[in-house]
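**Student:**
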Amino acid sequence: MFKRILVAIDGSANAWRALDQAILLAKSMGTETLGIVHVRPSLATLAYSFGLDVAASPYGTFAERMVAEMQELESRSQALLYEAEERARQAGLEGVNVVRHAEEGSVVRQILDVVRREGYDLLVMGSRG
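So the sequence shown is residues 21 to 149, counted in our numbering.
#1: Of all Cβ atoms in chain D, is any one closer than 9 Å to the Cβ of arginine 24?
#2: Using 8 Å as the cut-off, can you tell me whether the stretch 125 to 134 makes contact with the stretch 103 to 114, which would need three or more C-beta pairs spanning the two stretches below that distance?
#3: Applying the 10 Å Cβ sphere with the 16-neighbour rule, what's the burial state of alanine 28?
#4: Quick one, which of Glu84, Arg109 and Arg120 has its alpha-carbon nearest alanine 99's?
#5: How is alanine 122 classed by DSSP in three states: helix, strand or coil?
#6: Looking at aspartate 30 and arginine 107, is the spacing between their C-beta atoms short of 9 Å?
#7: Return the chain-ordered list of same chain residues with a C-beta closer than 7 Å to the C-beta of glycine 146, the five sequence neighbours on each side being excluded.
#8: Classify threonine 65: buried if its beta carbon has 16 or more other beta carbons within 10 angstroms, exposed otherwise.
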């Protein structure tokens, strides 16, 4: 029996299938908590993807662009988590606590940190995404 199941999502088709499977498992195993985790990139990762040598552009300074991008990523992360939670609730999870985890940084490290920190028994994730 898995009392605490964590599913990692990223918005891909495989992640939604993983969520559906986690919901089925939670329904059939007497699960108490279904956690949903999304990990967004860190500021360092984002800065690297934009190119560290960019100081200014017609779209604002590098720092302004990074702040705006980080805010957008946070907003998208929260929207994705709310959508996943709603999907779980619509599937008829009764008596199961659904918990959202919005994390930032290395995907693998952050997911494993949530598993350890929150005491999850099972991690469900798509094969790619």
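Note that the Cβ used here is the ideal one computed from N, Cα and C, for glycine as well.
**Tutor:** According to the structure data:
#1: Included in the structure is just one protein chain, with no chain D present.
#2: no
#3: For the purposes of this step, residue 28 is taken as the residue at position 8 of the sequence shown. Label assigned to alanine 28: buried.
#4: Here residue 99 corresponds to residue number 79 of the sequence shown, with the count starting at 1. For alanine 99, the closest alpha carbon among the candidates Glu84, Arg109 and Arg120 is that of Arg120.
#5: In the sequence shown, residue 122 corresponds to position 102, counting from 1. Three-state result, alanine 122: strand.
#6: For the purposes of this step, residue 107 is taken as the residue at position 87 of the sequence shown. For the purposes of this step, residue 30 is taken as the residue at position 10 of the sequence shown. No; because the gap between Cβ atoms is not below 9 Å, this pair is not in contact.
#7: Here residue 146 refers to the residue found at position 126 of the sequence shown. For glycine 146, where only same-chain residues beyond five positions count, the Cβ hits under 7 Å are Ser32, Asn34, Ala35, Arg37 and Ala38.
#8: On the sequence shown, position 45 is the one that residue 65 refers to. Label assigned to threonine 65: exposed.
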